[in-house]
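Numbering (our numbering), first residue to last: 165 to 351.
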């Protein structure tokens, strides 16, 4: 028996639980884990360490600001969650400026990053972090680009780097179509 406790903001707990505990039941059914809910934490109990880890990633993703439907991607395939904590990379007085740079003018940089890495991205101003959900290879590229922006590299240079290192856009579109079909089949 494996037990893992994970902190979660009380205001995000409802997103994890869902209406009539629907979200919790779905995770429990698919992963074979059980949840014990506290005031500001969740304890995950299960036999399979990998599934406990996946449930932990879902809790952390929801806590970072993702919706349940987006975090649910972590149930299937090789999707992973990664959080980039700005406290590890810059001074507190720079948080707002750096988060604004990650979003970009009119949100264009964030959209380009999402388009070329096929990652879901959430930016949490109150937690000073950026959350990513995607394939490990795509997450690494997105993280590299975000770290370049944090270090002050120009948006144009980072976007050129992104375009050069991204997977073939046609391949990304095929992957998106497959995921949409899979989602349609599940409904």
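Note that beta-carbon positions come from the ideal geometry of N, C-alpha and C, so glycine has one too.
Just so you know, these numbers come straight off a predicted model, no measurement behind them.
The continuous beta strand (DSSP E) containing residue 171 extends over residues 166–171. Distance between residue 213 and residue 197, taken at the CA atoms: about 10 Å. Between residue 317 and residue 302, the C-beta spacing is not below 8 Å. With contacts defined by Cβ atoms closer than 8 Å, residue 306 and residue 277 form a contacting pair.
Within the region 220–289, the runs of alpha helix (DSSP H) at least 4 residues long that lie entirely inside it are, in chain order, 232–235, 259–267 and 272–281. Using a Cβ distance threshold of 8 Å, residue 195 and residue 215 count as a contacting pair.
Collapsing the DSSP output to three states places residue 198 in a strand. Boundaries of the beta strand (DSSP E) harbouring residue 210: 205–210, taken from the DSSP string. Rounded to whole angstroms, the gap between the alpha carbons of residue 331 and residue 279 is 11 Å. Look at residue 213 here: in three-state DSSP terms it is helix. By the beta-carbon neighbour count (other beta carbons within 10 angstroms, threshold 16), residue 165 is exposed.
Setting aside the 5 residues that flank it on each side, residue 262 is surrounded in the same chain by 250, 254 and 314, each with a C-beta closer than 7 Å to its C-beta; the list follows chain order.
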